[in-house]
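Everything on this sheet refers to the single structure shown next.
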């Protein structure tokens with residue numbers, strides 16, 4: 013390579029380096045999606061499948077997969093519960109399994125008694141928690157699960173699956189089709205902040 017050519021490359025590189033800060037001052041600011049930071053689930057009081065109170069305090073210090081539905085929900089709920097059971101099996105021997113729970117919230121408290129919730133969930137995993145509550149509490153939770161930037165009137169529905177972090181902040185929404193391998197991978201990445 014000729015010395016004059018090398019000097020020309022060095023001069024061009026130096027000019028580009030010096031110009032970069034000036035160009036950066038005129039560039040648009042980087043946009044950040046605040047939804048990725050999560051949003052908090054507020055207060056609620058439900059009754060679980062054993063007849064005990066289940067409140068927002070039961071979400072603290074645990075990773076919670078929260079599924080909305082009812083015991084008559086077919087495809088979306090059954091697929092989500094099967095994927096969640098598969099995910100729990102995949103992490104069963106890890107430390108994270110000890111701080112991970114699945115909460116199935118029935119949107120039909122009139123028909124879904126604690127006993128019917130227990131019978132519905134046991135075939136998937138006896139550790140799954142079923143709960144329901146008043147219409148007011150269900151409406152409040154549904155509203156809390158809606159992203160702050162969502163269009164007005166957007167409602168959560170049966171088969172909606174959410175991941176709530178140990179700080180009670182929603183960390184993700186999962187949409188069908190549900191798959192145990194993908195669910196496990198996304199959960200583990202979310203846990204470590206990727």
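Residue numbers (my numbering): 13 to 206.
Each residue gets a CB set at the ideal place from its N, CA and C atoms; glycine is no exception.
This structure is a prediction, so every number in the text was calculated from the model and none was measured.
Under 8 Å between C-beta atoms of residue 60 and residue 141: The answer is yes: Cβ separation under 8 Å.
Cβ contact (3+ pairs, closer than 8 Å) linking the stretch 54–71 and the stretch 99–108: No, they do not touch.
Neighbourhood of residue 149 by C-beta distance below 8 Å, restricted to the same chain and skipping five residues each side: Once the five neighbours on either side are set aside, the close Cβ partners of residue 149 are 56, 57, 58.
Residue 184 in three-state terms, based on DSSP: Strand, per DSSP.
Extent of the continuous beta strand (DSSP E) run through residue 65: Taken as a continuous stretch (DSSP letters only), the beta strand (DSSP E) holding residue 65 covers 65–67.
Cβ contact check for the stretch 146–160 and the stretch 118–130: 3 or more pairs under 8 Å: In this structure the stretch 146–160 lies against the stretch 118–130, because at least three pairs of beta carbons, one per stretch, are closer than 8 Å.
Limits of the alpha helix (DSSP H) - the one that residue 194 falls within: It spans 192–203 - the alpha helix (DSSP H) in which residue 194 sits, taken as one unbroken run.
Residue 92 burial status per 10 Å Cβ neighbour count (16 or more: buried): Buried, by the Cβ-count rule.
Residue 94: first and last residue of the uninterrupted alpha helix (DSSP H) it sits in: Residue 94 -> alpha helix (DSSP H) spans 87–103.
Integer Cβ distance of residue 89 from residue 78, believed to fall under 8 Å: Your pair residue 89 and residue 78 does not check out as a contact, with CB atoms roughly 13 Å apart and the cut at 8 Å.
Selection from 130, 86, 115, 186 that minimises the alpha carbon distance to residue 76: If you compare the alpha carbons of 130, 86, 115, 186 with that of residue 76, the shortest gap goes to 115.
Whole-Å CB distance - residue 157 paired with residue 83, under 8 Å assumed: At roughly 20 Å, the Cβ-Cβ gap does not stay under 8 Å, so residue 157 and residue 83 are not in contact.
Best match in 159, 197, 108, 190 for proximity to residue 182 [C-alpha to C-alpha]: Of the listed residues, the one whose Cα sits closest to residue 182 is 159.
Beta-carbon gap between residue 175 and residue 199 smaller than 8 Å: Cβ atoms of residue 175 and residue 199: closer than 8 Å.
Own chain, CB closer than 8 Å to residue 203, minus 5 neighbours either side, in chain order: Result list for residue 203: 75, 108, in chain order.
C-beta contact flag for residue 50 and residue 170 at 8 Å: Taking 8 Å as the Cβ cut-off, residue 50 and residue 170 do not qualify as a contacting pair.
Collapsed DSSP secondary structure at residue 143 in the structure displayed: Strand at residue 143.
Residue 52 beta carbon less than 8 Å from that of residue 180: The Cβ atoms of residue 180 and residue 52 lie closer than 8 Å to each other.
Close Cβ partners of residue 195 (< 6 Å) along its chain, the five nearest in sequence each way excluded: Within the same chain, residue 195 has close Cβ partners 95, 99.
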